[in-house]
Amino acid sequence: MLLKQFLLGTLLALTSVAALTNPDTNDRGVEAGDDEVSRGVIICPKGQTSNRKTGKCECPKGKELNYKTGECECPKGKGPNSKTGECECPKGKELNYKTGECECPKGKGPNSKTGECECPKGKELNYKTGECECPKGKGPNSKTGECECPKGKELNYKTGECECPKGRKPHRKTGECECPESQTPNRKTGKCECPKGKKPNHKTGECECPKGQQMDPKTKQCKKCKGQMIWDSYKQKCSCPKGKKFDPYTWQCKGGGHYD
Numbered sequence: 001m002l003l004k005q006f007l008l009g010t011l012l013a014l015t016s017v018a019a020l021t022n023p024d025t026n027d028r029g030v031e032a033g034d035d036e037v038s039r040g041v042i043i044c045p046k047g048q049t050s051n052r053k054t055g056k057c058e059c060p061k062g063k064e065l066n067y068k069t070g071e072c073e074c075p076k077g078k079g080p081n082s083k084t085g086e087c088e089c090p091k092g093k094e095l096n097y098k099t100g101e102c103e104c105p106k107g108k109g110p111n112s113k114t115g116e117c118e119c120p121k122g123k124e125l126n127y128k129t130g131e132c133e134c135p136k137g138k139g140p141n142s143k144t145g146e147c148e149c150p151k152g153k154e155l156n157y158k159t160g161e162c163e164c165p166k167g168r169k170p171h172r173k174t175g176e177c178e179c180p181e182s183q184t185p186n187r188k189t190g191k192c193e194c195p196k197g198k199k200p201n202h203k204t205g206e207c208e209c210p211k212g213q214q215m216d217p218k219t220k221q222c223k224k225c226k227g228q229m230i231w232d233s234y235k236q237k238c239s240c241p242k243g244k245k246f247d248p249y250t251w252q253c254k255g256g257g258h259y260d
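First residue of the sequence shown: 1, per the UniProt record's numbering; consecutive thereafter.
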């Protein structure tokens with residue numbers, strides 16, 4: 001009985017000594033926390049950092065605080081870079097360093113629905129240069145910049161292409177509209193016309209003399225052979241038919257010979 005009491009007393013003494021030499025871990029945490037407060041350490045939410053001067057938590061440069069979610073986000077119109085996380089303009093837009101906003105490059109505009117930059121109506125994107133250009137065959141107006149047909153051509157509203165006005169054809173080399181051979185433009189109307197006394201061939205457009213007449217190479221005028229005379233294409237003049245001769249008194253062709 002005395003032995004049991006001795007052993008119990010010894011055990012209690014050892015426990016008291018351990019408590020004195022090893023303070024509770026919770027007490028150490030409080031002391032450490034008090035030490036951090038005394039040093040001015042601030043624990044900020046994820047994504048924010050403490051400002052050394054003001055002691056407040058702030059979003060990194062270029063980002064804004066969303067007061068609803070408490071998170072730092074890129075300003076409207078920008079997005080985070082997939083590698084660096086920094087805010088940048090979306091693909092196809094450029095930063096305006098004066099306003100700090102993302103804008104479409106010069107010559108383009110945002111789509112009303114998607115917001116993506118695109119060429120204005122009537123222009124096409126040149127994938128090599130990245131610039132908006134007028135379609136082939138058109139050019140920009142010097143004042144408005146809108147694409148239009150070159151001088152002398154008209155727009156075909158069905159095909160959208162520039163064509164020569166009716167009665168004209170494009171020059172093989174220059175592409176400029178010109179009158180068919182032997183026709184000239186009217187100074188007032190601008191339309192192609194044949195010389196007086198001639199009419200355009202409905203197929204070729206070339207000027208021809210009316211039926212029964214031929215063009216005199218000397219006068220460049222249509223000439224109608226008198227009487228029974230016919231046009232001699234070899235001599236390029238009016239002659240009597242073969243076997244007949246011209247009578248200068250009557251201006252008639254009479255039998256015998258072939259002269260005029």
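Where a beta carbon is used, it is the ideal one built from N, C-alpha and C, also for glycine.
Please classify W251: is it buried, with 16 or more other beta-carbons within 10 angstroms of its beta-carbon, or exposed? Looking at its Cβ environment, which holds fewer than 16 other Cβ atoms inside 10 Å, W251 is exposed.
Using the beta-carbon count (16 or more within 10 Å), is Q221 buried or exposed? So Q221 counts as exposed.
Counting C-beta neighbours from all protein chains within 10 Å, is the total for C177 16 or more, i.e. buried, or is it exposed? buried
Looking at the structure shown, is Q221 part of a helix, part of a strand, or coil, going by DSSP? Of the three classes helix, strand and coil, the one that applies to Q221 here is strand, per DSSP.
Report the rounded CA-to-CA distance for G77 versus P90, giving the unit in angstroms. 8 Å
Could you tell me whether any Cβ in chain D is nearer than 8 Å to the Cβ of G255? Among the chains in the structure shown there is no chain D, since it carries only a single protein chain.
Taking the CB atoms as reference points, tell me whether K242 and C253 lie closer together than 8 Å. no
What residue range does the beta strand (DSSP E) around M229 cover? For M229, no beta strand (DSSP E) segment is defined, and its DSSP state is neither H nor E.
Beta-carbon within less than 7 Å of K93's beta-carbon, same chain only, minus the 5 sequence neighbours each way: which residues are those? Closer than 7 Å at the Cβ level, and outside the excluded window around K93, lie C102, E103, C104, C117.
Buried or exposed for P44, please, with buried defined as at least 16 other CB atoms from any protein chain shown within 10 angstroms of its CB. This sequence places Cys at residue 44; Pro is not what is there. By the neighbour-count rule (16 or more Cβ atoms within 10 Å), C44 is not buried but exposed.
Let me know if R52 comes out buried or exposed under the rule of 16 or more other beta-carbons within 10 Å of its beta-carbon. When all chains shown are included, R52 counts as exposed.
Under the three-state reduction of DSSP, which class applies to N66: helix, strand or coil? strand
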